[in-house]
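Worksheet: the structure to be examined is printed underneath.
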Amino acid sequence: MTDTIIAYPNLAAARLGTEIVSVTDQFFASAERMLAETPPRFIADKFDDHGKWMDGWETRRRRGPGHDSAIVRLGAPGDVHQLEIDTAHFTGNYPMAASVDACVLDDGEDPASARWQPLLTMTALQGDHPHRFTLPAPRHATHVRLNLYPDGGVARFRVLGRPRVDWAGVDADQEVELSAARLGGQVLALSDAHYGWPHSLLYPGRGLNMGDGWETRRRREPGFDWCVIGLGHRGRVTGLEVDTAFFKGNFPAQVSVQAANLEGHADTALLRASSMFWPTLLTPQPLGPDAIHHFQDQLETLDAVTHVRLNMHPDGGISRFRVFGQIQ
Numbered sequence: 102m103t104d105t106i107i108a109y110p111n112l113a114a115a116r117l118g119t120e121i122v123s124v125t126d127q128f129f130a131s132a133e134r135m136l137a138e139t140p141p142r143f144i145a146d147k148f149d150d151h152g153k154w155m156d157g158w159e160t161r162r163r164r165g166p167g168h169d170s171a172i173v174r175l176g177a178p179g180d181v182h183q184l185e186i187d188t189a190h191f192t193g194n195y196p197m198a199a200s201v202d203a204c205v206l207d208d209g210e211d212p213a214s215a216r217w218q219p220l221l222t223m224t225a226l227q228g229d230h231p232h233r234f235t236l237p238a239p240r241h242a243t244h245v246r247l248n249l250y251p252d253g254g255v256a257r258f259r260v261l262g263r264p265r266v267d268w269a270g271v272d273a274d275q276e277v278e279l280s281a282a283r284l285g286g287q288v289l290a291l292s293d294a295h296y297g298w299p300h301s302l303l304y305p306g307r308g309l310n311m312g313d314g315w316e317t318r319r320r321r322e323p324g325f326d327w328c329v330i331g332l333g334h335r336g337r338v339t340g341l342e343v344d345t346a347f348f349k350g351n352f353p354a355q356v357s358v359q360a361a362n363l364e365g366h367a368d369t370a371l372l373r374a375s376s377m378f379w380p381t382l383l384t385p386q387p388l389g390p391d392a393i394h395h396f397q398d399q400l401e402t403l404d405a406v407t408h409v410r411l412n413m414h415p416d417g418g419i420s421r422f423r424v425f426g427q428i429q
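Okay, so the sequence shown: first residue is 102 according to the numbering used here, each after it adds one.
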């Protein structure tokens, strides 16, 4: 993944707290596996008590009428723009078709009594193949239901969109994590992402391993790698955190940050060029291996911003990046 613009984060990412609420069957493989951010794996000689181990959700062979389904509570409720259903490595056991429904529930409400609305009508699937579907218009959802016809396996299921956040309940003097994925922060563009998953930068908690973060290839030419992040809300930045957890022989030598207020006139397609000229928020600072680095006193004084550009000199890996501030 090089010089890439990324459209939407995954509202159904397991690291955001997404949960499987109910499932009709998961005899061969747990439905939770399809929420993983890592690429699906196939291990030819791996079996368990139920048969062939598969990296995804797989139901038993249905011998009666009906179909299988799983209800997913989104870790980041929001407006759904796209859906991804990946049948990687499912060749003779993939569903003939799938559909997806959505509903909006308050905390404590039972999905069994929800009024479900279709996001994706029944659509044919191919085996060992990624499928992406773009909705005609964004749809608000707190829960989604993936239906498999009549049964089978899915390696990965992603719900791509923008989180909805009640910013009216946040005090102006309260410090919040403006970049948090759960609050609408998202990776918009980057120079390279040869390893890892860039959206992991904005996930809660520390990384699980070296693959749970943003890592670029080894740079063999002048320059440095960068990543543009849209904040969940415009705010005045009061602190930054850069975590190099698990990056020990491949952490960046230095990191710097630029920022800008693009409210009302942000053009994602132009971010790669325009972000080079944004004002400096943090001058280059040294990093160490496998450690959390805090920056407050080192910050330049800027007005409220909506976007930041994280630069790592010259390349390497970062597990988590957090922008703290007060909404404006």
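Cβ coordinates follow ideal geometry from the N, Cα and C atoms, glycine included.
{"Query": "Our contact map puts D211 next to R246 with C-beta atoms below 8 Å; I'd like the distance itself, whole angstroms only.", "Result": "About 13 Å; that fails the 8 Å criterion."}
{"Query": "Please list, in chain order, all residues of the same chain as Q427 whose beta carbon is under 8 Å from its beta carbon, the five residues on each side excluded.", "Result": "A273, D274, Q275, E276, V277, G336, R337, T339"}
{"Query": "In terms of alpha-carbon separation, which member of W158, S200, L400 lies closest to F191?", "Result": "W158"}
{"Query": "Where does S131 fall in DSSP's three states?", "Result": "coil"}
{"Query": "How long is the line joining the alpha carbons of R116 and F143, rounded to whole angstroms?", "Result": "22 Å"}
{"Query": "When you compare only the Cα positions, how much space is there between M102 and D267?", "Result": "Low local confidence applies: a pLDDT of 46 at M102 is under 50, so the model's placement there is unreliable, with the coordinate-based value given in what follows. Their backbone Cα atoms lie some 33 Å apart in a straight line."}
{"Query": "Would you check if there are 3 or more beta carbon pairs closer than 8 Å linking the stretch 383–393 to the stretch 287–303?", "Result": "no"}
{"Query": "When the distance is taken between beta carbons, is R307 closer than 9 Å to I419?", "Result": "no"}
{"Query": "For the beta strand (DSSP E) that contains A203, what are its first and last residues?", "Result": "198–204"}
{"Query": "What residue range is occupied by the uninterrupted beta strand (DSSP E) comprising S123?", "Result": "120–124"}
{"Query": "Does the stretch 322–333 touch the stretch 168–184, meaning 3 or more C-beta pairs lie closer than 8 Å?", "Result": "no"}
{"Query": "Say yes only if the C-beta of R321 is nearer than 8 Å to one or more non-hydrogen atoms of the ligand FMN, and no if none qualify.", "Result": "With respect to small molecules bound, the structure shown includes none, and the ligand FMN cannot be examined in it."}
{"Query": "What residues in its chain sit with their C-beta under 7 Å from that of Y250, if we drop five residues either side in the sequence?", "Result": "H168, P196, M197, A198, A199, M223"}
{"Query": "Using C-beta distances below 7 Å, list every residue in its chain close to V343, excluding the 5 sequence neighbours before and after it, in chain order.", "Result": "V356, L388, H394, I419, F422"}
{"Query": "Starting from the C-beta of L112, find all residues in its chain whose C-beta is less than 6 Å away, skip the five residues before and the five after it, and write them out in chain order.", "Result": "L175, A177, G179, V260, G262"}
{"Query": "Would the beta-carbon of H244 fall within 9 Å of that of L284?", "Result": "no"}
{"Query": "Might you give, ordered along the chain, the residues of its own chain that have their beta carbon closer than 6 Å to the beta carbon of A132, omitting 5 neighbours on each side?", "Result": "I121, V124, W158, A171"}
{"Query": "Excluding five sequence neighbours on each side, which residues of the same chain lie with their C-beta closer than 8 Å to the C-beta of S376?", "Result": "A290, W327, V329, Q359, A361, H408, R410"}
{"Query": "Taking the alpha carbon of D150 as the point to measure from, which residue in D398, G417, P110, A130 has its own alpha carbon closest?", "Result": "A130"}
{"Query": "Taking its Cβ as the centre, do 16 or more other Cβ atoms sit within 10 Å of P219, making it buried, or is it exposed?", "Result": "exposed"}
{"Query": "How many whole angstroms separate the CB atoms of V288 and L303, which I take to be in contact at a CB cut-off of 8 Å?", "Result": "7 Å"}
{"Query": "Classify H300 as helix, strand or coil using the three-state DSSP reduction.", "Result": "helix"}
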